[in-house]
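Undergrad: Residue numbers (our numbering), protein chains in the order written: chain A, 1 to 336; chain B, 1 to 336; chain C, 1 to 336. The beta-carbon is built from N, C-alpha and C at its ideal position, and this holds for glycine as well. No experiment lies behind these values; they were computed from the predicted model shown.
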Amino acid sequence: MANGQDHTLQAGELAARLGGELRHCPPDHRISEVRPLEEAGAAALSFLANPRYAPKAHASGAGLILVDPRTELGDRPVLVVENPYWAFAQAIGWLHPEPAQEWSATPVDPSVQLGPGCRIAPGVTIGARSALGPGCVLHPGVHIAEDCVLGADCELFAGVVLYRRTRLGDRVRIHANTVLGSDGYGYVLVDGRHQKVPQVGWVEVGDDAELGACVTVDRGVLGPTRIGAGTKVDNQVQVAHNVTVGEHCLLVSQSGISGSTKLGDYVTLAGKVGVVGHIEIGSRSIVGGNSVVAKSLPEGSFVTGFPARPHREWMEVQAAVNRLPKLMKELRRKKS
Amino acid sequence: MANGQDHTLQAGELAARLGGELRHCPPDHRISEVRPLEEAGAAALSFLANPRYAPKAHASGAGLILVDPRTELGDRPVLVVENPYWAFAQAIGWLHPEPAQEWSATPVDPSVQLGPGCRIAPGVTIGARSALGPGCVLHPGVHIAEDCVLGADCELFAGVVLYRRTRLGDRVRIHANTVLGSDGYGYVLVDGRHQKVPQVGWVEVGDDAELGACVTVDRGVLGPTRIGAGTKVDNQVQVAHNVTVGEHCLLVSQSGISGSTKLGDYVTLAGKVGVVGHIEIGSRSIVGGNSVVAKSLPEGSFVTGFPARPHREWMEVQAAVNRLPKLMKELRRKKS
Amino acid sequence: MANGQDHTLQAGELAARLGGELRHCPPDHRISEVRPLEEAGAAALSFLANPRYAPKAHASGAGLILVDPRTELGDRPVLVVENPYWAFAQAIGWLHPEPAQEWSATPVDPSVQLGPGCRIAPGVTIGARSALGPGCVLHPGVHIAEDCVLGADCELFAGVVLYRRTRLGDRVRIHANTVLGSDGYGYVLVDGRHQKVPQVGWVEVGDDAELGACVTVDRGVLGPTRIGAGTKVDNQVQVAHNVTVGEHCLLVSQSGISGSTKLGDYVTLAGKVGVVGHIEIGSRSIVGGNSVVAKSLPEGSFVTGFPARPHREWMEVQAAVNRLPKLMKELRRKKS
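This is the structure we're talking about:
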């Protein structure tokens with residue numbers, strides 16, 4: 001994590017705060033970060049909310065794993081709590097606290113690095129420690145928070161907002177009023193209230209990507225949400241937290257991608273497509289306009305409909321549905 | 001109305017301006033506001049555009065009711081006009097004129113009240129008489145108009161716009177470039193032109209609500225559009241005028257709610273859901289992704305589809321539709 | 001073109017740059033603009049990418065037409081290249097280069113013309129040579145680029161962005177964070193990369209139009225994208241490049257119109273409607289909510305569904321689909 005603000009807690013202190021029971025883990029073991037099971041090392045806390053992922057938990061190198069009382073993980077170091085997801089959300093807040101936003105008296109913080117040839121319009125603000133490569137153009141009213149990195153020759157049109165730690169490659173163009181890095185939509189229901197899962201990740205956009213106007217891309221929970229190099233995103237597209245969009249994709253207007261979904265390279269989502277979370281769409285797939293993709297698709301798929309199915313199948317079903325009123329009349333005539 | 005700018009007209013003056021006929025109402029009766037039938041008192045003008053609502057008109061305490069020539073309301077005080085809805089729109093303009101926007105030379109008007117610990121970034125503007133509770137954080141380029149009230153510890157990210165008279169509870173978080181209080185979409189066709197129904201209400205957001213990026217919530221026509229306490233709204237959601245969203249609801253990305261609809265508490269709209277106007281969705285209902293709710297739903301409903309129906313029913317219909325091409329082939333084979 | 005920055009090239013120079021072969025055109029013929037076939041004169045370069053449009057090419061007065069090696073146009077002046085669309089995209093960049101954005105030290109450029117009675121809030125920027133009619137009101141954080149023209153009494157709410165050369169009629173109202181004139185979504189795939197088709201057109205909005213919050217309207221490729229007089233556009237609507245929306249239309253929230261489509265007058269798109277590109281919707285047509293219009297519609301159509309069909313037909317199909325599970329059970333019973 002590029003945060004630089006992370007804290008450390010002993011396992012025993014975590015157990016005490018969360019009212020949980022420590023097993024197979026010394027209470028003085030030091031935990032300094034929260035990570036997904038597959039990326040967690042000895043200093044990381046992770047969590048298992050769904051028994052389906054128990055094999056991942058067994059294989060994980062996590063220093064400590066949050067589990068519920070019904071879960072058995074042999075001799076793995078666990079912290080048993082009533083609601084592992086809620087415990088995980090609280091632990092993010094303790095281990096990865098977000099510093100308060102810093103604003104200097106001047107709109108562009110003195111610590112900002114501007115490459116040669118950058119052009120900054122009136123009304124722009126740039127937060128501490130952000131760095132712009134050579135030749136960047138920021139139109140009026142662009143707001144860049146702290147610790148952002150822009151490559152060479154990026155152009156951000158009026159009103160674009162980059163939340164902290166956003167990273168853009170070279171030659172990225174972003175149209176007016178688009179937002180990168182807003183909090184992902186993550187809550188856990190505790191005693192009748194939606195408690196926030198802190199969102200402390202960031203957004204990464206590859207070289208030569210272009211994003212339209214009023215696009216929203218949420219930052220990841222702990223790590224990045226990614227838009228690949230050469231990908232072109234149309235107006236009013238929504239990309240949720242932890243999504244990975246591959247390279248050279250086309251996301252047409254008003255499409256939306258739910259959390260943690262992965263798109264390969266050269267994927268096309270036509271207008272108004274919806275994609276559910278936690279699935280994968282193989283490279284060179286095409287999703288027809290207004291369709292909803294509800295399960296993973298192999299490479300080179302061509303699907304349409306709600307829910308989306310192979311395009312030819314959808315055409316057949318549509319044709320059949322259109323003949324249905326006539327068929328029903330015939331059947332009724334026979335009956336009588 | 002918190003407006004403070006409202007005017008008063010005599011019933012006879014209203015009749016003259018609208019070219020209408022006054023019945024059962026003295027011409028010097030003073031009218032000072034426009035209200036819906038059920039909320040109207042003796043000083044209020046109301047209107048009946050749809051004969052379906054005649055019982056409401058009979059029961060109303062309104063000082064004067066706009067009706068068309070075909071409507072009979074006994075001895076109720078009425079003003080008979082050709083187009084009651086257009087007359088109503090004009091009367092809003094006369095009785096609730098919006099003052100011109102006020103801008104002081106300084107971005108934050110001297111009359112603004114800031115609670116202790118508020119942090120205001122560069123490029124923020126706040127209009128006359130607005131009041132912020134303690135600990136509010138306004139990121140760069142936030143624009144708050146006149147007469148807004150924010151509770152304690154609200155955080156508004158860059159580019160958020162609050163129109164006049166917006167009211168936020170405590171701990172409300174609003175992400176970048178979201179707009180609260182824009183005019184509702186209300187027009188009346190008169191002689192081939194869409195004449196505007198003035199929108200002079202406001203937006204209210206309850207404690208602990210969080211709104212994503214590029215969300216739009218229109219202000220009510222005369223009163224509030226409401227987002228309840230603890231409700232979480234995802235990016236690019238649209239909430240039309242006079243909608244009431246209850247407490248602890250989840251409105252997922254790219255959903256839209258049409259005018260005057262009421263959602264109970266703990267309602268979930270999954271991604272890209274549409275809800276028509278003037279209906280009620282009972283508490284703890286769930287609407288599946290990409291569905292369109294076209295009629296009221298009782299508490300605890302679980303619906304899907306376009307139009308939305310009980311989820312199990314929709315699953316059955318989907319399964320049947322998928323088998324339809326095969327069925328048609330079989331029927332054709334039998335025929336021949 | 002109002003650009004004033006256009007360049008001129010000889011046909012031979014174009015052929016050399018594009019690696020193409022010139023036929024029936026003297027190499028010193030001067031080309032100064034790129035135009036569609038039907039609007040092209042002797043000084044214009046045009047292109048034919050689809051053999052379907054060959055008759056248009058034959059009839060065109062274009063000084064030079066880009067064609068691929070398989071196309072035969074008799075004695076018309078042509079430039080034969082491998083990929084006419086990509087050649088066209090490159091030629092736009094050469095013949096219609098966009099000047100670098102100009103920002104003066106002051107937020108409102110000294111060359112701006114403000115009519116009497118204009119009110120400009122803090123945080124507004126206006127680019128060189130833009131002109132506002134009398135009585136315009138610009139709320140905080142409005143950003144108007146160069147060479148824009150606003151009629152009388154326009155009101156732009158906070159955060160509205162107008163790209164260069166946007167033209168508004170009289171009494172146009174635009175709500176917060178709406179964007180007019182962002183680049184259209186035009187790319188051509190060359191050697192595995194989406195190369196940009198430069199977008200150098202503009203947006204025109206007629207008198208008395210009103211646009212909601214977070215609306216996006218892209219500028220045309222070479223000419224205008226048009227919103228007709230008296231048309232009312234709701235929040236979060238998307239209008240793509242080269243679209244023409246007629247007069248007095250209603251475009252309800254979250255609808256989207258794809259490129260080059262034409263709407264007549266008094267057309268209504270209900271909420272969340274999608275319209276594909278390159279079609280025409282006749283005047284006084286109504287498209288039901290959540291529908292997708294996939295082909296041209298005659299005047300006075302009333303359609304619904306995905307894909308949209310006559311509303312009555314859609315109702316019949318829906319009714320039949322709802323009875324389908326029962327029908328299938330009956331047929332299975334007979335079979336057994």
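#1: Going by the CB atoms, is the gap between residue 68(A) and residue 49(A) shorter than 9 Å?
#2: If you reduce the DSSP assignment to three classes, tell me which class residue 277(C) lands in.
#3: Closest to residue 145(C) by CA distance: which of 135(C), 131(C) and 307(C) is it?
#4: At the 9 Å Cβ level, is residue 318(A) part of the contact set with chain C, yes or no?
#5: Mind checking which residues open and close the beta strand (DSSP E) that includes residue 307(C)?
#6: Looking at residue 123(B) and residue 96(A), is the spacing between their C-beta atoms short of 9 Å?
#7: For a contact defined as C-beta to C-beta under 7 Å, what are the partners of residue 214(A) on chain B?
#8: Could you say if the region 185-193 of chain B and the region 158-176 of chain B meet the contact criterion of at least three C-beta pairs nearer than 8 Å?
#9: For residue 73(C), does the three-state DSSP call read helix, strand or coil?
#10: Express the C-alpha separation of residue 206(C) and residue 243(C) in angstroms, rounding to a whole number.
#11: Note down the Cα distance separating residue 326(C) from residue 247(B), rounded to an integer number of angstroms.
#12: Kindly list the residues whose CB is nearer than 7 Å to the CB of residue 291(A), restricted to its own chain and excluding five residues on each side of it in sequence; keep chain order.
#13: Applying the 10 Å Cβ sphere with the 16-neighbour rule, what's the burial state of residue 312(A)?
#14: Where residue 3(A) and residue 222(A) are concerned, what is the direct C-alpha to C-alpha distance, given to the nearest angstrom?
#15: Could you compute how far the alpha carbon of residue 1(A) sits from the alpha carbon of residue 13(A)?
#16: Please list, in chain order, the residues of the region 73-107 of chain C that have any C-beta partner in chain A closer than 9 Å.
#17: Find out if the Cβ-Cβ distance for the pair residue 126(C), residue 107(C) is shorter than 9 Å.
#18: Can you tell me the Cα-Cα spacing of residue 53(A) and residue 293(A), whole angstroms?
#19: Taking the alpha helix (DSSP H) that residue 101(B) falls in, what are its first and last residues?
#20: Among all the DSSP beta bridges, which residues are the ones paired with residue 44(B)?
#21: What's the call for residue 252(A), buried or exposed, on a 16-neighbour Cβ count within 10 Å?
#22: Roughly how far, in whole angstroms, is the beta-carbon of residue 231(C) from the beta-carbon of residue 249(C), given that I think they are within contact range, below 8 Å?
#23: For residue 390(C) versus residue 238(B), is the C-beta spacing smaller than 9 Å?
#24: At a CB distance below 9 Å, what residues from the region 182-201 of chain B approach chain A? Give them in sequence order.
#25: Rounded to a whole number of angstroms, what is the C-alpha to C-alpha distance between residue 399(A) and residue 91(A)?
#26: Which same chain residues, not among the five before or five after residue 136(C), have their C-beta less than 6 Å away from its C-beta?
#27: Counting only Cβ-Cβ distances shorter than 8 Å, please list the residues of the region 289-321 of chain A near chain C, keeping chain order.
#28: Helix, strand or coil for residue 219(B), going by three-state DSSP, please let me know.
#29: Would residue 219(C) pass as a contact of residue 163(C) if the rule is Cβ separation under 9 Å?
#30: For residue 88(A), which three-state DSSP category applies?
#31: Are the CB atoms of residue 276(A) and residue 392(A) within a distance shorter than 9 Å?
#32: On the DSSP bridge list, what partners appear for residue 155(C)?
#33: Would you mind working out which of 284(A), 279(A), 11(A) and 60(A) sits nearest residue 27(A), comparing C-alpha positions?
#34: I'd like to know whether the C-beta of residue 139(A) is nearer than 9 Å to at least one C-beta of chain B.
#35: Under a three-way DSSP split, which group does residue 21(A) fall into?
#36: Apply the 10 Å Cβ neighbour rule to residue 226(C) and answer buried if 16 or more other Cβ atoms are within range, or exposed otherwise.
TA: Looking at the atomic coordinates:
#1: Residue 68(A) is positioned such that its CB atom lies closer than 9 Å to that of residue 49(A).
#2: Reduced to three states, the DSSP call for residue 277(C) is coil.
#3: Residue 131(C) is the option with its Cα nearest to residue 145(C).
#4: Under the 9 Å criterion on CB atoms, residue 318(A) is classed as interfacial with respect to chain C.
#5: It is not in any beta strand (DSSP E) - residue 307(C) carries neither H nor E in the DSSP assignment.
#6: No, Cβ-Cβ distance for residue 96(A) and residue 123(B) is not below 9 Å.
#7: Residues of chain B passing the Cβ test: 214.
#8: In short, these stretches do not touch, since the Cβ pair count stays below three.
#9: In the displayed model, residue 73(C) falls within coil according to three-state DSSP, outside both helix and strand.
#10: Straight across, the Cα-Cα distance linking residue 243(C) with residue 206(C) is about 14 Å.
#11: The alpha-carbon of residue 326(C) is positioned some 39 Å away from that of residue 247(B).
#12: Excluding residues within five positions, the ones whose Cβ falls inside 7 Å are 273, 303, 304, 305, 306 and 308.
#13: With fewer than 16 other Cβ atoms within 10 Å, it is exposed.
#14: Model confidence at residue 3(A) stands at a pLDDT of 46, short of 50, so the residue's coordinates are unreliable and nothing is read from them.
#15: Here residue 1(A) scores only 39 on pLDDT, less than 50, and its place in the model is too uncertain to base an answer on.
#16: Residues passing the 9 Å Cβ filter: 100, 101, 103, 104, 105, 106 and 107.
#17: Result yes, Cβ atoms of residue 126(C) and residue 107(C) sit closer than 9 Å.
#18: Roughly 23 Å between the two C-alpha positions.
#19: Element bounds for residue 101(B): n/a, residue is neither H nor E.
#20: The partner list for residue 44(B) (beta bridge, DSSP) reads 33(B).
#21: Buried, by the Cβ-count rule.
#22: About 4 Å separates the beta carbons of residue 231(C) and residue 249(C), which is inside the 8 Å limit, making them a contact pair.
#23: The structure shown does not extend to residue 390(C), since chain C spans only 1 to 336, so no value can be given for it.
#24: Hits within the stretch: zero.
#25: Outside the shown range of chain A (1 to 336) lies residue 399(A), about which nothing can therefore be said.
#26: Here the set comprises 118, 150 and 154.
#27: Closer than 8 Å at the C-beta level to chain C, one finds these residues of the region 289-321 of chain A: 289, 290, 306, 318 and 321.
#28: Residue state for residue 219(B) is assigned as coil, using DSSP reduced to three classes.
#29: The criterion of a C-beta distance shorter than 9 Å is satisfied by residue 219(C) and residue 163(C).
#30: Helix at residue 88(A).
#31: Because chain A spans 1 through 336 in this model, residue 392(A) falls outside it and cannot be assessed.
#32: The beta-bridge partner set that DSSP reports for residue 155(C) consists of 137(C) and 173(C).
#33: Checking every option, the nearest Cα to that of residue 27(A) belongs to 11(A).
#34: No, because no Cβ of chain B sits closer than 9 Å to the Cβ of residue 139(A).
#35: Under the three-state reduction of DSSP output, residue 21(A) falls in the strand class.
#36: Residue 226(C) should be labelled buried.
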